[in-house]
Amino acid sequence: MHISSESLADFEEQIYIAIEMYHDQIKWLSQGNRKVFGVVNGSRVGVLVDTSDFNCSTERLADLQRELLTLIEEQLRFKNQLYLLSYGSEVSSLWDKPLDISPLRLRECYAWVMQLGACGGCDLLQALQRALTHSQLDTLLIILAARPDQTMDVICDYLALNRMPSVHAVAYNCSSPAAIETVKRMAAVSGGRYHLFSAALGVLDSSTDVDLLWAEIKAARDVLTQIQNMRQGRLGDTAVTVESEISVGLDSLALSDFSPVSPALGAPLCFRPAGPVPQTSSEWLKTHGLKAQKLDLYQLLARNAYSPQETFVPILGKTVSATVHERVMVQFEWHDGTVKNLHVDLPSLQKYQKRLMGAVHLFERRVEWLNGTASQQIWGTVCEQRVQVLLDMSGMNTHYQLHIQHALRILLQEQRANKHSFNVIVFGSDVKSWQEKMVPSTHENLQAVWQWIQTLECFGGRDTLAALRRALEEEPQEEAALTHGVYLLTTGMPDQHMVSVTAYVSERCGAANLNLHVCLFTGEEDTVRCPPPRHATRAETAHALRGLAHAGNGRFLWTTETGIVESDDISALIGEMETAANYCQKCSELLDALIQKGSGRGSGETSTPSLKPQAWTRKAKLPSPRPTTLSLARLESRLAQNGLAWRPNSSKAEIPAVQSADFSTPAGPSKPADQRRTIVSQSVFFLEDGNLGAVFKKYPKPKSVRKSINTIKLPKHEDICSTKQWLRRFGIKNLKLDLHKLISGPECCHHNKLVPSVQKRVSAKYCGIFPSVQVNGAVKHLHLTPGELKHYLSQTEKLMQRYGRRLEWLLTGSRRMFGSVLEKDVCVLLDVSGSMAPFLAELQKALTLLIWDQLHANSVRFNVLAYSGGVRMWQSALVESTEDLCTEAAQWLSQLSSHGTSSTLQALQTGCGLADDVGLYLVCDGSCDSSHSLILTEIETLRREKSFTVHTVALNCHDRSGSEFLKSLAHKTGGRFHQAPDNTDTTLIRKLLSDPCTAPLLPKFEGDDLRKLSEEIEKLRLFQKQAKAFRETILESRNLEGT
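As structure tokens, then:
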């Protein structure tokens, strides 16, 4: 075959242009609302939105509504007709039929999106049946997030049997493999398209459109490979002759999807004018962060914050706390965990919030600037004055050679022209430097290094350590005061051991003014193109290189072909924005506490205190005449003799009518607690015999002993701990929500004493004023207001929702059968005796799930031990839970068979010798070949010598003696007993989350974690019912008083 070099070069150029066009199309598909839902085709579109409890939960609903509004604004508003339908347990549509688009109907669509809410399950089949009744639709957009109620086969069979419009199935922020597979199968059966979006990473996972483009790019690259073979003289078995070989600049045409189509890479560099002095985000935050702008919330509140004061009173024999904060202050948790009393200045707080939002907008603009140029997306901000660039040109990067060349080109054009000096080092199996030492950053040198880079090819291994030695061990020059930065661009793990590389970098960068920055680039098809080096996944590679960058006092940046995955610069800004959001939340809590404090003073639910100054509401009084010294002496003498002996006659005392408090004018300013206890209002006058008399008008008010209802704070994420430990922090008692304690103060006591004159028990006269209730067999008076009880019900409802989520978490995954794995060193003791034969297959699957779900996910060192008549160990010691070892453990478990007796004691003795503080998880049915008392005695003896914990998991244990033995074994060693419930009704858990007061009783759980949590839930439900009844009683008594 004969072909001219010009024709071959022209054809190659067209291939490069096509590849660049495909990359631009992928980038366009990954922007805006197309990243979330893809491109919606058709002119008459039906939209089916998943409104299940999972997709419309509190954490997801706001994001879903925002994305749907953006979808309508960017794509659906340009269609001819639209039909909106939501499906949960029931199906609901906005209109009865598809309607033409108009401004009025668009506003109806916006309102429909904002009123979406959780509707139970996910009845996708019913939604499809409803949509098929409208034959005029040409496109059906199906948004799915939860697993459908029907099986995947039922849905796909229905699609295959019915004529469907073009289906565009979207898996929105979906983590369910069944839902994702359903979306793909629906698209395949109907001949439509699918789209997968992950909100966790904020990137497009996969879609039909993107897959087709990647397939075209792969085919084009195969053609380029064939062109290179033709230049070498062979095309398969055919000899090829190229008449005149010329050098063209198309070999390195820009393929980066971070920039628009650029000219051939062989063109001269076009330098960008120098801008402001670049800074890292950490340096930038020193001058523009929250502390630099004096926006630290605690710094603002410190001037009005006072620590609670406690004083020991000898006459009472106890420590008394000051109560000055009860009327004019708000209690606030400080950053060190202590509680401060605050005077809240509302104008200052409002001004602070406005400044805080301005700072957040500044941080957002900084993040946009970091994504503004292509070189900053790949390299970050190059801040040093003397820069060395290390390029990974190993053989595994053959498919990415054009990306690497383009990355260096944009770096030279955009960020290197204003530097003092530079050098470029490439490495594969060998290390090559452009120059022996760094040279000035002139335009001629930059052009020269670019021409040099285009002559290199990817070849060999990845000797990263040798390249780092070449860069970090360069002899210092006269400009030692200038900052020195090394920028490493690589695609995988070094050939050397990562510990050695990190230790070397830490030693070199710690002794000199050096910064090593690591830029990791990973493609979307790494596992297809070539196996990862050293069998490391992308996440493991990123973790190792992140540690390398931090050891070198530098920054880490991870990018893919679709954008930035991780950046230390952006993470620092996001952390500052999260701090600002936390400050905003605390400001809102301060305002809520202030409002709650004002409403708590009123007798009703809506009474709010007035904030008028004291001078507007109180008239000034003239001071009383100052008594003489003689008058004061006589007064003190008389008071000492008679004052303390005087008491009012309780038999003739009358209780005045209860008057409603007027909150339109507040009381005067609060005074210190010691002054309130000592000041007495009195009137002095002269008697006929010349002595002084006194009439007491006002007595000191006693200290209030009422207990306030706190506003609780609950975590959003689950902690890996036992239920006992979790309830110590978030139990009813620790959160001070025990209703019986709130109404059991001294002011709530009901006095019923025997009166000898009438020979019967008579209640105190004030007992008729307050409503009375029975609490634990005793009569108590309700001093709580309806507003306080309403606040109590809101807090308990919030706590009930959290308990329900914790219970559902304990009943999902491997935790349902084995409970939560708490320790970092774990050995699973598996009974494979003859009695376990009927359940061995199910147990093997559950243990495989346990290995991946808890041990591998939480990086737990583990071992597996199977015992029957003897003991068999998978490994001789505890091992790390890597992917290879977890796979090997699952294979070892699948080969086990059941036979023989149960040598439980021998298994326990073997397991406790593996390590100190090891957690032993004994999985058995309670039967063993030794007596229960012997095993308990031997374990107690071993506990004196070694530290270990035994958690017992009962499987098919119907013998009461066996169950009691497993409970005793766990509790004696500080462990937990667990038994998987017979049936896990998720519908019951969802009903408990939605309406805890009317939900049926929870099933009886035998395991410690589930039992304690269910008991706490039932106790909280009892308190809720009682609080509602108490509130109705108070409101009824007030209505009777009003009539």
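Residue numbering for the sequence shown follows my numbering, beginning at 119 and increasing consecutively.
Note that CB positions come from ideal geometry on N, CA and C, so glycine has one too.
All values reported here derive from a predicted model rather than from experimental measurement.
Neighbourhood of residue i by C-beta, 8 Å cutoff - its chain only, sequence neighbours within 5 removed
{"i": "L217", "result": "Q199, L200, Y201, R223"}
{"i": "P283", "result": "G160, G164, L255, D256, T257, L258"}
Sub-8 Å separation of residue i and residue j beta-carbons
{"i": "I571", "j": "A525", "result": "no"}
{"i": "A1098", "j": "M954", "result": "no"}
{"i": "L845", "j": "E1134", "result": "yes"}
{"i": "G610", "j": "M511", "result": "no"}
{"i": "S400", "j": "A690", "result": "yes"}
{"i": "Q531", "j": "C388", "result": "yes"}
{"i": "Y134", "j": "E334", "result": "no"}
{"i": "L529", "j": "I345", "result": "no"}
{"i": "F957", "j": "N852", "result": "no"}
{"i": "R504", "j": "T398", "result": "no"}
{"i": "L1026", "j": "T1067", "result": "no"}
{"i": "I838", "j": "S977", "result": "no"}
{"i": "Q565", "j": "P386", "result": "yes"}
{"i": "L413", "j": "L474", "result": "yes"}
Helix, strand or coil at residue i [DSSP, three-state]
{"i": "D943", "result": "strand"}
{"i": "P558", "result": "strand"}
{"i": "T176", "result": "coil"}
{"i": "W676", "result": "strand"}
{"i": "A410", "result": "coil"}
{"i": "N633", "result": "strand"}
{"i": "V158", "result": "coil"}
{"i": "Q449", "result": "strand"}
{"i": "E287", "result": "Residue identity differs from the one stated: residue 287 is Ala in this sequence, not Glu. Reduced to three states, the DSSP call for A287 is strand."}
{"i": "C576", "result": "coil"}
{"i": "M695", "result": "helix"}
{"i": "F389", "result": "coil"}
{"i": "C1042", "result": "strand"}
{"i": "L250", "result": "helix"}
{"i": "L234", "result": "coil"}
{"i": "S439", "result": "strand"}
{"i": "E428", "result": "strand"}
{"i": "H524", "result": "helix"}
{"i": "M611", "result": "coil"}
{"i": "M991", "result": "strand"}
Other residues of its chain near residue i: CB distance less than 6 Å, five sequence neighbours each side excluded
{"i": "V165", "result": "L202, L259"}
{"i": "W764", "result": "Low confidence applies here, because W764 scores a pLDDT of 42, under 50, leaving its location unreliable and the question unanswered by this model."}
{"i": "R248", "result": "V209"}
{"i": "A1235", "result": "Outside the displayed range of the chain (119 to 1161) lies residue 1235, so it cannot be described from this structure."}
{"i": "C274", "result": "R303, V307"}
{"i": "G722", "result": "Since pLDDT at G722 reaches only 42, below the 50 mark, its modelled position is unreliable, and no value is offered."}
{"i": "T1091", "result": "T1067, V1068"}
{"i": "H313", "result": "G156, V288, S325"}
Inter-residue CB distance, residue i and residue j (contact presumed, cutoff 8 Å)
{"i": "Q550", "j": "V544", "result": "As written in the sequence, residue 550 is Lys, which differs from the Gln given in the question. Sure, about 5 Å apart at Cβ, within 8 Å."}
{"i": "L480", "j": "L607", "result": "The Cβ separation is near 30 Å, so there is no contact."}
{"i": "E1205", "j": "A660", "result": "What the structure shows of the chain is the stretch from 119 to 1161, and residue 1205 is not part of that stretch, so it cannot be assessed."}
{"i": "T640", "j": "Q614", "result": "Rounded, the Cβ-Cβ distance is 20 Å, inconsistent with contact."}
{"i": "L1138", "j": "T914", "result": "6 Å"}
{"i": "A477", "j": "L403", "result": "Actually they do not touch by this definition, with Cβ atoms about 11 Å apart."}
{"i": "R178", "j": "N291", "result": "7 Å"}
{"i": "L342", "j": "E679", "result": "Wrong, their Cβ atoms sit about 17 Å apart, outside the cutoff."}
{"i": "I688", "j": "V500", "result": "Wrong, their Cβ atoms sit about 16 Å apart, outside the cutoff."}
{"i": "L147", "j": "D327", "result": "6 Å"}
Closer than 7 Å: residue i CB and nearest the ligand MN heavy atom
{"i": "S1012", "result": "Inclusion of the ligand MN in the displayed structure is not the case, the ligand content being empty and no account of it being possible."}
Spatial neighbours of residue i in its chain, beta-carbon cut-off 7 Å, leaving aside the 5 residues before and after
{"i": "P833", "result": "none"}
{"i": "L712", "result": "V448, V462"}
{"i": "D971", "result": "G931, S932"}
Inter-stretch contact (C-beta, 8 Å, three-pair minimum) for the segment 249-267 and the segment 154-168: yes
Contact between the segment 179-191 and the segment 223-234 (3+ Cβ pairs under 8 Å): yes
Assess contact between the segment 626-642 and the segment 660-678, defined as three or more Cβ pairs (one per stretch) separated by less than 8 Å. Is contact present? yes
Count the C-beta pairs between the segment 1043-1060 and the segment 973-983 that are closer than 8 Å, then say yes if the count reaches three, no if not. no
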